[in-house]
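Structure record follows, encoded as structure tokens.
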Amino acid sequence: MKAYDKQFIGGLWREGRGEGLLDNINPFSGEVLYSYRPASREDVDEAYAAAKAAQKLWADYSPSAKAAVLERLLSIIREYRPIMDECLLLEAGCAKPKRDYEAGTSPDFVSYCMTFPKMMEGRIQSSDFPGQTNFVFRKPKGVVTVIAPWNVPFILALRSVIPAVAAGNAVVLKPSTETPASAFIIGEMFEKAGFPKGLLNVIAGRGSDIGDYIVAHPLSDIVSFTGSTQVGRRIGRIAGENIRDMSLELGGNNSMLVLPDADIDAAVEAAIFGAYFHQGQICMSLNRIFVVGEENYSLFCEKMAAAVRSLKAGDPADENVFIGPIINTQQVEHINSLISATVETGARVLVEGKTEGNLVYPWLLCDVENSMPAAREEVFGPVCSIIKAESEEEAIAMANDTIYGLSNSIFTRDRYRGMLLAQKLESGMVHINDQSIGDEPHVMFGAEKQSGVGRFNGTWVLNKFTTEQWIPVR
Numbered sequence: 002m003k004a005y006d007k008q009f010i011g012g013l014w015r016e017g018r019g020e021g022l023l024d025n026i027n028p029f030s031g032e033v034l035y036s037y038r039p040a041s042r043e044d045v046d047e048a049y050a051a052a053k054a055a056q057k058l059w060a061d062y063s064p065s066a067k068a069a070v071l072e073r074l075l076s077i078i079r080e081y082r083p084i085m086d087e088c089l090l091l092e093a094g095c096a097k098p099k100r101d102y103e104a105g106t107s108p109d110f111v112s113y114c115m116t117f118p119k120m121m122e123g124r125i126q127s128s129d130f131p132g133q134t135n136f137v138f139r140k141p142k143g144v145v146t147v148i149a150p151w152n153v154p155f156i157l158a159l160r161s162v163i164p165a166v167a168a169g170n171a172v173v174l175k176p177s178t179e180t181p182a183s184a185f186i187i188g189e190m191f192e193k194a195g196f197p198k199g200l201l202n203v204i205a206g207r208g209s210d211i212g213d214y215i216v217a218h219p220l221s222d223i224v225s226f227t228g229s230t231q232v233g234r235r236i237g238r239i240a241g242e243n244i245r246d247m248s249l250e251l252g253g254n255n256s257m258l259v260l261p262d263a264d265i266d267a268a269v270e271a272a273i274f275g276a277y278f279h280q281g282q283i284c285m286s287l288n289r290i291f292v293v294g295e296e297n298y299s300l301f302c303e304k305m306a307a308a309v310r311s312l313k314a315g316d317p318a319d320e321n322v323f324i325g326p327i328i329n330t331q332q333v334e335h336i337n338s339l340i341s342a343t344v345e346t347g348a349r350v351l352v353e354g355k356t357e358g359n360l361v362y363p364w365l366l367c368d369v370e371n372s373m374p375a376a377r378e379e380v381f382g383p384v385c386s387i388i389k390a391e392s393e394e395e396a397i398a399m400a401n402d403t404i405y406g407l408s409n410s411i412f413t414r415d416r417y418r419g420m421l422l423a424q425k426l427e428s429g430m431v432h433i434n435d436q437s438i439g440d441e442p443h444v445m446f447g448a449e450k451q452s453g454v455g456r457f458n459g460t461w462v463l464n465k466f467t468t469e470q471w472i473p474v475r
């Protein structure tokens, strides 16, 4: 993989001015892919100044002119598929199914948002004052700050960057220091597509050095953040103190409810993907599975255990591997501590994993109580807990007994009843007869409780990245 060791500011590639060096590390091999100098606060100021200037220029482009540049970007993203694939493998440790999903789906966000420049609709309203007409204009917010995570680095950056730009905004993008190359590849694609210089700026640096500074920056008009609930709380405090709009997608503790009439085989097949896709390092991953009824519970545990044992873990470069490495040793330690604490409090191990470096083999726990650590917290690893419920009502109550509210699922042959029960779940999304991981560029994506604020995708994100201005004319 090319060494993306320069910051992208004002359309120029240059070395950061932060202190020391940061390493981009392959999470499977531990190899240092390359080192780079991080961004400083001075770099941040220059990125926002460039974005502010470029946004004024971009706002004067006609809708068709904006769409034409986006169309070039779409073509380039498709050409970059092998580059994105290599980046996901080397710096994020993604196995082939995850690489195929992320690199393959990324163009869809550009394709959908190409219509946004012609969707900047206002309205004309009558007035109680004689001779006055009220005009309401929809306008870009200005400069959008996008803070992207390491687990799905391309899609979770693009789903904010693309609609922001399509709606007429400029962007300052900060990637995770675990996966910086993904964001600089986006910058490179923007450069080749011919966007105005400075419309997208990419700055990589330590959160402790520039994180708070970015969120509070006076030239930032809205912050779009995807990451942990802990960091989201901090961003919320800083944004609130500065009267800054924000959109947050945070952690999850997601559930699958397997009702008495469910197709057990279909539920197991879905649960395997929902719990172990990308080693469970997805905010929508299944943490808990509630199975209603003793007979279904025993059968589900048996079939689920057999399916988990068939999963291959190892080098993500092997196309037969489904479970690759955890992103870093700190996360590995967190996962193992939750497993140990849960087993110590009485959970039974159905499938026992093991740890080799950053590789954590899949675990399956049963006889879990909803208060146990692996059920109470977001594990963010290849661990799934099966919990027995005596009734549908108990399953719903336990699923809702969490600070999180992102994505749940229900398996039942009675689809209408499933829809009724879904409305009792306190989450932004509920999938009927499917697992909890899903995202479509045109469909609302969002959460409740401490899993997030705001909505992504479709017209929801267009509304979020624009504002309205009232101009009465007499």
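Be aware that the sequence shown starts at 2, since it is given in the working numbering, and climbs by one per residue.
Think of the CB as a built atom: it goes at the ideal place given N, C-alpha and C, for glycine as much as any other residue.
Fair warning: this is a prediction, and the values are worked out from it, not measured in the lab.
Closest by CA to ALA376, which one among ASN401, SER248 and LEU360?
Numbered from 1 along the sequence shown, position 375 holds the residue referred to as residue 376. Ranking the options by Cα distance to ALA376, first place goes to ASN401.
Buried versus exposed call for ALA184 [16 or more other C-beta atoms within 10 Å across all chains shown]:
Residue mapping note: residue 184 aligns to position 183 of the sequence shown, counting from 1. Looking at its Cβ environment, which holds 16 or more other Cβ atoms inside 10 Å, ALA184 is buried.
Report the rounded CA-to-CA distance for LYS57 versus TYR417, giving the unit in angstroms.
Taking the sequence shown and counting its residues from 1, one reaches residue 57 at position 56. Taking the sequence shown and counting its residues from 1, one reaches residue 417 at position 416. In this model, LYS57 and TYR417 are separated by some 50 Å (Cα to Cα).
Suppose only complete runs of 4+ residues qualify. What are the alpha helix (DSSP H) ranges in the stretch 280-308, listed by chain order?
Counting only unbroken stretches of 4 or more residues, no alpha helix (DSSP H) element lies wholly within the stretch 280-308.
Straight-line gap, GLN424 to MET430 (C-alpha atoms, nearest Å):
Here the question's residue 424 lines up with position 423 in the sequence shown. Here the question's residue 430 lines up with position 429 in the sequence shown. Rounded to the nearest angstrom, the gap between the Cα atoms of GLN424 and MET430 is 9 Å.
Run of the beta strand (DSSP E) containing ASN202, from where it starts to where it stops:
Here residue 202 refers to the residue found at position 201 of the sequence shown. 201-203 is the span of the beta strand (DSSP E), which, as asked, contains ASN202.
Nonlocal neighbours in the same chain, by C-beta distance under 7 Å from CYS88, ignoring five residues either side
Indexing the sequence shown from 1 puts residue 88 at position 87. Around CYS88: MET2, ALA182, SER183 and ILE186.
So the candidates are PHE136, HIS279 and ARG18; which of them puts its Cα closest to the Cα of GLN126?
Counted from its first residue, the sequence shown places residue 126 at position 125. It is PHE136 whose Cα lies nearest to the Cα of GLN126.
Can you name the residues that DSSP bridges to ILE125?
As a working note, residue 125 is residue 124 in the sequence shown. According to DSSP, residue pairing for ILE125 in a beta bridge involves PHE136.
Starting from HIS432, follow its DSSP beta bridges and name the residues at the other end.
Locating residue 432 in the sequence shown gives position 431, where the first residue counts as 1. DSSP lists SER410 as partners of HIS432.
Which residues in the same chain as ALA318 place their Cβ atom closer than 7 Å to its Cβ, once the five residues preceding and following it in sequence are excluded?
For the purposes of this step, residue 318 is identified with residue 317 of the sequence shown, where counting begins at 1. Annotation for ALA318: LEU90 place their beta carbon closer than 7 Å to its own, counting only its chain and skipping 5 residues before and after.
Out of curiosity, what's the CA-to-CA distance linking VAL344 and PRO383?
Position 343 of the sequence shown holds residue 344. Position 382 of the sequence shown holds residue 383. When rounded, the separation of the alpha-carbon atoms in VAL344 and PRO383 is 15 Å.
Taking the alpha-carbon positions, what's the PHE466 to THR413 distance?
By 1-based counting over the sequence shown, the position of residue 466 is 465. By 1-based counting over the sequence shown, the position of residue 413 is 412. Near 38 Å, if we compare the C-alpha coordinates of THR413 and PHE466.
Looking only at its chain, what residues have a beta carbon closer than 8 Å to the beta carbon of ILE77, apart from the 5 residues adjacent to it on each side?
Residue numbering aside, residue 77 sits at position 76 when the sequence shown is read from its first letter. Result list for ILE77: MET190, LYS193 and ALA194, in chain order.
Environment of MET420 [buried if 16+ CB atoms lie within 10 Å]
For the purposes of this step, residue 420 is taken as residue 419 along the sequence shown, with counting starting at 1. Around the CB of MET420, fewer than 16 other CB atoms lie within 10 Å, so the residue is classed as exposed.
Return the Cβ separation of ALA104 and PHE29 in integer angstroms, given the expectation that the two are a contact with Cβ distance under 8 Å.
Your numbering for residue 104 matches position 103 in the sequence shown. Your numbering for residue 29 matches position 28 in the sequence shown. Contact flag wrong, Cβ pair sits at about 18 Å.
Taking the alpha-carbon of ALA217 as reference, which of SER112, TRP151, ALA240 and HIS279 has the nearest alpha-carbon?
Against the sequence shown, residue 217 aligns to sequence position 216. When only C-alpha atoms are compared, the closest one is ALA240.
Would you mind giving the Cβ-Cβ distance between LEU339 and ILE324, rounded to the nearest angstrom? I have them listed as a contact below 8 Å.
Numbered from its first residue, the sequence shown carries residue 339 at position 338. Numbered from its first residue, the sequence shown carries residue 324 at position 323. Between ILE324 and LEU339 the Cβ distance is about 17 Å, and since that is not below 8 Å, they are no contact.
With distances taken Cα to Cα, identify the nearest neighbour of GLU229 among ASP222, ASN254, GLU242 and MET445.
Against the sequence shown, residue 229 aligns to sequence position 228. In the sequence as presented, Glu is not what sits at residue 229; that position holds Ser. Here the closest residue by C-alpha is ASN254.
Answer yes or no: do GLY11 and GLY315 have a C-beta to C-beta separation smaller than 9 Å?
Taking the sequence shown and counting its residues from 1, one reaches residue 11 at position 10. Taking the sequence shown and counting its residues from 1, one reaches residue 315 at position 314. Cβ distance not < 9 Å, so GLY11 and GLY315 don't count as in contact.
Less than 9 Å separating the beta-carbons of LEU220 and GLY237?
Here residue 220 corresponds to residue number 219 of the sequence shown, with the count starting at 1. Here residue 237 corresponds to residue number 236 of the sequence shown, with the count starting at 1. Not in contact: LEU220 and GLY237 (Cβ atoms no closer than 9 Å).
Buried or exposed for SER65, going by 16 or more other Cβ atoms inside 10 Å?
Position 64 of the sequence shown holds residue 65. Flag for SER65 reads exposed.
Coarse secondary structure for GLN470, derived from DSSP in three states
Here residue 470 refers to the residue found at position 469 of the sequence shown. GLN470: strand per DSSP, three-state reduction.
Can you give the beta carbon distance from ILE387 to ASN371, rounded, assuming they're within the 8 Å contact cut?
As a working note, residue 387 is residue 386 in the sequence shown. As a working note, residue 371 is residue 370 in the sequence shown. Contact doesn't hold; Cβ gap of about 12 Å is too wide.
Let me confirm a value: SER63 is counted as buried when at least 16 other C-beta atoms fall within 10 Å, else exposed. Which label applies?
Translated into positions along the sequence shown, residue 63 becomes position 62. Exposed, because fewer than 16 other Cβ atoms sit within 10 Å of the Cβ of SER63.
Short check: CB of ILE433 to CB of SER410, under 9 Å?
Taking the sequence shown and counting its residues from 1, the one referred to as residue 433 is at position 432. Taking the sequence shown and counting its residues from 1, the one referred to as residue 410 is at position 409. Going by C-beta atoms, ILE433 is nearer than 9 Å to SER410.
Sheet register partners of ALA314 (DSSP bridge)
Here residue 314 refers to the residue found at position 313 of the sequence shown. Under DSSP, ALA314 forms a beta bridge with ILE324.
The alpha helix (DSSP H) enclosing ASP101, as first and last residue numbers
In the sequence shown, residue 101 corresponds to position 100, counting from 1. Looking at the DSSP string, the run of the alpha helix (DSSP H) that includes ASP101 is 97-114.
Own chain partners of ALA308 with C-beta closer than 7 Å, once the 5 adjacent residues on each side are dropped
Position 307 of the sequence shown, counted from the first residue, corresponds to residue 308. The beta carbon of ALA308 sits closer than 7 Å to the beta carbons of VAL269 and ILE273 from its chain, once the five residues preceding and following it are set aside; these are given in chain order.
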